[in-house]
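J.: Going by numbering that gives the first Met the number 0, the letters in the sequence shown line up with residues 0 to 470, in that order. Glycine residues also receive a C-beta, built at the ideal position from the N, C-alpha and C atoms.
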Amino acid sequence: MSTTSDLSFLESVNASFNLAAEALDLPKGLARQIRTCNAVCEMKFGVELHGGYEIFTGWRATHSEHVLPAKGGIRYAPFADQQEVEALAALMTYKCSIVNVPFAGSKGALCINPKKYSLEELEHITRRFAQELDKRGLLGPGINVPAPDMGTGQRMMSWIADEYQKLHPNEINAKACVTGKPVHFGGVQGRVEATGRGVQYGIQEFFRHPEDVSKANLSGGLEGKRIIVQGLGNVGYHAAKFLEEEDGALIHGIIERDGAIICDQGLHTEDVYQFKLEHGKLEGFPEGTFIKNGNDALELPCDILIPAAMEGVISIANADRIQAKVIAEAANGPITFDADKILLNKGIFVIPDTYLNAGGVTVSYFEWLKNLSHVRFGRMDRRFIEAQGAKIINLLDSGIEKPLDECAKAELLKGPDEITLVRSGLQDTMCEAYQEIKEMHDSNPKIRDRRTAAFASAIRKIGDIYDSMYL
Ligand code: NAD
0 MSTTSDLSFL ESVNASFNLA AEALDLPKGL ARQIRTCNAV CEMKFGVELH GGYEIFTGWR
60 ATHSEHVLPA KGGIRYAPFA DQQEVEALAA LMTYKCSIVN VPFAGSKGAL CINPKKYSLE
120 ELEHITRRFA QELDKRGLLG PGINVPAPDM GTGQRMMSWI ADEYQKLHPN EINAKACVTG
180 KPVHFGGVQG RVEATGRGVQ YGIQEFFRHP EDVSKANLSG GLEGKRIIVQ GLGNVGYHAA
240 KFLEEEDGAL IHGIIERDGA IICDQGLHTE DVYQFKLEHG KLEGFPEGTF IKNGNDALEL
300 PCDILIPAAM EGVISIANAD RIQAKVIAEA ANGPITFDAD KILLNKGIFV IPDTYLNAGG
360 VTVSYFEWLK NLSHVRFGRM DRRFIEAQGA KIINLLDSGI EKPLDECAKA ELLKGPDEIT
420 LVRSGLQDTM CEAYQEIKEM HDSNPKIRDR RTAAFASAIR KIGDIYDSMY L
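Structure representation (structure tokens):
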């Protein structure tokens with residue numbers, strides 16, 4: 000939902016796509032084929048609540064099917080609409096391609112304010128939604144695999160998986176019909192924080208490229224860099240926490256629905272998060288200065304601005320006043336197409352959403368693989384790797400005068416567990432994709448920014464798949 004942009008969210012996504020397609024030499028009609036949303040289904044269904052019936056409206060858009068299954072979250076929001084779902088489904092197509100995850104793009108939404116319903120009511124509504132998706136062929140491990148998004152989480156994903164299992168008792172891979180499940184219910188370690196973790200890895204990768212850092216008028220590494228985060232939900236909270244606690248960045252400001260807290264000395268993300276959990280708002284937090292109009296804080300000077308709340312928050316209405324040196328798009332579509340042009344002219348370096356928030360779908364892919372293989376990562380090879388480590392230590396010990404210290408031995412002896420493998424797989428994915436986007440940017444003089452390069456990278460790879468299908 001964009002507020003003041005002259006283009007809607009969907010138009011913004013398509014305009015960015017077109018810009019990238021124009022920079023590539025594509026066969027006639029191919030760009031249109033890739034850009035077109037293949038199918039979108041609107042569902043209206045009744046749910047028995049409070050002794051009567053309530054009618055809900057939901058959507059599932061399948062943007063592409065060049066590979067299967069199609070993948071994308073389900074959003075529960077009172078302002079959800081079909082155009083938004085189509086835009087998000089399109090972003091999923093490009094995002095999966097950018098990070099080399101073999102899924103097509105899909106997205107779903109239910110028009111609902113989840114806060115107005117009890118847990119039992121939400122379960123009832125979610126199970127009914129799952130039935131509706133299933134009977135229309137929009138749910139299944141090989142067809143269409145939802146995941147959490149705004150307003151949904153692990154619990155809802157396990158209700159969907161359970162409902163699907165009931166409807167398909169002979170489907171041995173039933174749990175792979177949805178990702179983002181709790182670990183004890185077929186989920187994978189590290190999925191909850193995956194998008195925020197991916198944002199951290201993506202920003203780390205930016206700082207590993209000094210030429211990009213200097214393009215943004217910055218120098219050095221992440222340590223001490225001043226960050227403002229908008230949205231302290233799943234993505235924003237984890238990204239801010241990891242960047243602060245592991246990379247030494249300074250969280251200068253946090254923006255939520257009710258306002259923003261700004262603190263020159265830096266905020267402890269965990270303290271702010273706990274305060275928000277307890278009070279439901281940021282106002283009253285004992286440190287820093289509270290600003291009632293949170294959007295004003297988007298315009299404060301900082302090194303990195305991380306919009307992690309919703310789409311369209313940087314538009315032609317405020318782009319001119321943004322002072323951040325880097326905008327790391329953790330949310331989907333936080334910058335409108337027109338605002339992007341303004342930011343580019345101002346020399347602000349944008350790390351695009353299609354790349355930066357792909358950590359969630361990457362780890363969803365790992366979860367899906369785990370469900371299909373019916374074995375947790377590391378189970379087959381951990382002992383073996385530990386035994387290999389022991390052999391290396393023995394060899395080293397026999398060949399050197401001073402035996403290795405216990406710490407070094409413990410490191411060499413440790414076989415990888417699931418969380419280690421998930422993190423290293425995600426980090427590798429984020430590094431590889433960053434490099435691919437950068438190469439696309441560096442090699443094509445028609446491409447002016449990283450968003451266009453990311454789109455071009457996706458179009459090129461999806462185009463190759465279409466090419467091989469229609470040989
Ligand atoms: P969430 O519901 O957990 O968190 C969103 C947070 O933003 C909430 O704390 C909310 O109060 C706050 N917020 C909403 N509107 C705001 C506003 N106008 N100003 C300030 N704060 C506001 O959602 P999430 O899962 O963290 O998703 C955030 C964004 O990231 C969305 O754009 C979503 O599509 C995108 N995303 C999420 C994932 C994921 O794995 N969760 C993956 C990829 C992209």
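Can you tell me whether I97 sits near the ligand NAD, meaning its C-beta is under 7 angstroms from at least one heavy atom of the ligand?
T.: Answer for I97: no, Cβ out of range of the ligand NAD.
J.: Near N370, what residues of its chain come up, given a Cβ to Cβ distance below 6 angstroms and the 5 sequence neighbours on each side ignored?
T.: Around N370: K174, A175, G185.
J.: According to DSSP, R196 sits in a beta bridge with which residue or residues?
T.: In DSSP, R196 forms no bridge with anything.
J.: Confirm, please, whether the CB-CB distance from I260 to G235 is below 8 angstroms.
T.: No. Outside cutoff.
J.: Quick check on DSSP: helix, strand or coil for M429?
T.: Helix at M429.
J.: Please return the same chain residues whose Cβ sits closer than 8 angstroms to the Cβ of L6, not counting the five positions on each side in sequence.
T.: Counting only Cβ-Cβ distances below 8 angstroms, and skipping sequence neighbours, we find A14, T335, F336, D337.
J.: Pairing CB atoms from the region 203-222 with CB atoms from the region 427-434, are three or more of them under 8 angstroms?
T.: Yes, the region 203-222 is in contact with the region 427-434.
J.: The ligand NAD and N317: does the residue's C-beta get closer than 7 angstroms to at least one heavy atom of that ligand?
T.: N317 Cβ: outside cutoff for every heavy atom of the ligand NAD.
J.: What residue range does the beta strand (DSSP E) around K43 cover?
T.: Run containing K43: 38-48, per the beta strand (DSSP E) assignment.
J.: Just curious, the alpha helix (DSSP H) that S11 is in, first and last residue?
T.: 8-21 is the extent of the alpha helix (DSSP H) around S11.
J.: Just to confirm my understanding: we take C36, look at its own chain, exclude 5 residues before and 5 after, and list those with CB closer than 7 angstroms. What are they?
T.: Excluding sequence neighbours, C36 sits near A60, H62, E85, A88, A89.
J.: Judging by CA-CA distance, which residue of R449, G179, K401, V360 is the nearest neighbour of N99?
T.: Among R449, G179, K401, V360, the Cα nearest to that of N99 belongs to V360.
J.: Where does S397 land, buried or exposed, given buried means 16+ other C-beta within 10 angstroms?
T.: Counting Cβ neighbours within 10 Å, S397 comes out exposed, since fewer than 16 surround it.
J.: In the DSSP assignment, find the alpha helix (DSSP H) that holds Q32 and state where it starts and stops.
T.: Q32 -> alpha helix (DSSP H) spans 29-34.
J.: State the Cα-Cα distance for the pair N317 and D427, rounded to the nearest angstrom.
T.: Approximately 35 angstroms between the Cα atoms of the pair.
J.: Is the region 232-250 close to the region 342-353, with three or more CB pairs under 8 angstroms?
T.: Too few Cβ pairs lie closer than 8 angstroms, so no.
J.: State buried or exposed for D148, treating a residue as buried only when at least 16 other CB atoms are found within 10 Å of its CB.
T.: It counts as buried.
J.: What three-state label does DSSP hand I202 in the structure shown?
T.: Three-state DSSP puts I202 in a helix.
J.: Heavy atom of the ligand NAD less than 7 angstroms from the Cβ of G186, yes or no?
T.: Flag unset: Cβ of G186 not near the ligand NAD.
J.: Rounded to a whole number of angstroms, what is the C-alpha to C-alpha distance between R459 and E255?
T.: Those two C-alpha atoms are separated by around 38 angstroms.
J.: Within the present structure, is the beta-carbon of V349 separated from the nearest heavy atom of the ligand NAD by less than 7 angstroms?
T.: No, since every heavy atom of the ligand NAD falls outside the 7 angstroms radius drawn around the Cβ of V349.
J.: Please work out which residues of its chain come closer than 6 angstroms, Cβ to Cβ, to T451, disregarding the five sequence neighbours upstream and downstream, and give them in chain order.
T.: Excluding residues within five positions, the ones whose Cβ falls inside 6 angstroms are L18, A19.
J.: Taking 7 angstroms as the cut-off, is the CB of P147 close to at least one heavy atom of the ligand NAD?
T.: Yes, the Cβ of P147 comes within 7 angstroms of a heavy atom of the ligand NAD.
J.: Measure from the alpha carbon of E21 to the alpha carbon of each residue in Q153, V177, E10, I446, then state which is nearest.
T.: The shortest Cα separation from E21 among Q153, V177, E10, I446 belongs to I446.
J.: If distances are taken between C-alpha atoms only, which option among L276, L249, F274 comes closest to Q264?
T.: Checking every option, the nearest Cα to that of Q264 belongs to L249.
J.: Exposed or buried, K180, counting other C-beta atoms within 10 Å across all chains shown (16 or more means buried)?
T.: With 16 or more other Cβ atoms within 10 Å, it is buried.
J.: So, with DSSP's three-state summary, where would you put S473?
T.: Residue 473 cannot be examined here, being either before or after the span of the chain that is shown, 0 to 470.
J.: If we call anything under 8 angstroms between Cβ atoms a contact, is K310 one with F78?
T.: The sequence as given places Glu at residue 310; Lys does not occur at that position. For E310 and F78, no; Cβs fall outside 8 angstroms.
J.: Can you determine whether any heavy atom of the ligand NAD sits closer than 7 angstroms to the C-beta of V234, and answer yes or no?
T.: Yes; taking the cut-off as 7 angstroms, the Cβ of V234 has a heavy atom of the ligand NAD nearer than that.
J.: For the region 291-345, which segments carrying the alpha helix (DSSP H) assignment without a break, of at least 4 residues, lie completely within its bounds, in sequence order?
T.: With a minimum length of 4 residues, the continuous alpha helix (DSSP H) runs that stay inside the region 291-345 are 336-344.
J.: If you pair each beta-carbon of the region 409-416 with each one of the region 350-357, do three or more pairs fall below 8 angstroms?
T.: Not touching, per the Cβ criterion.
J.: Counting only the same chain and skipping the five closest in sequence on each side, list residues whose C-beta sits under 7 angstroms from that of H440.
T.: Excluding residues within five positions, the ones whose Cβ falls inside 7 angstroms are I446, R449, A452.
J.: Distance check for P168 and D339, CA to CA, integer angstroms please.
T.: Their Cα atoms are separated by approximately 49 angstroms.
J.: Quickly, what does DSSP pair K401 with across the bridge? List them, please.
T.: In DSSP, K401 forms no bridge with anything.
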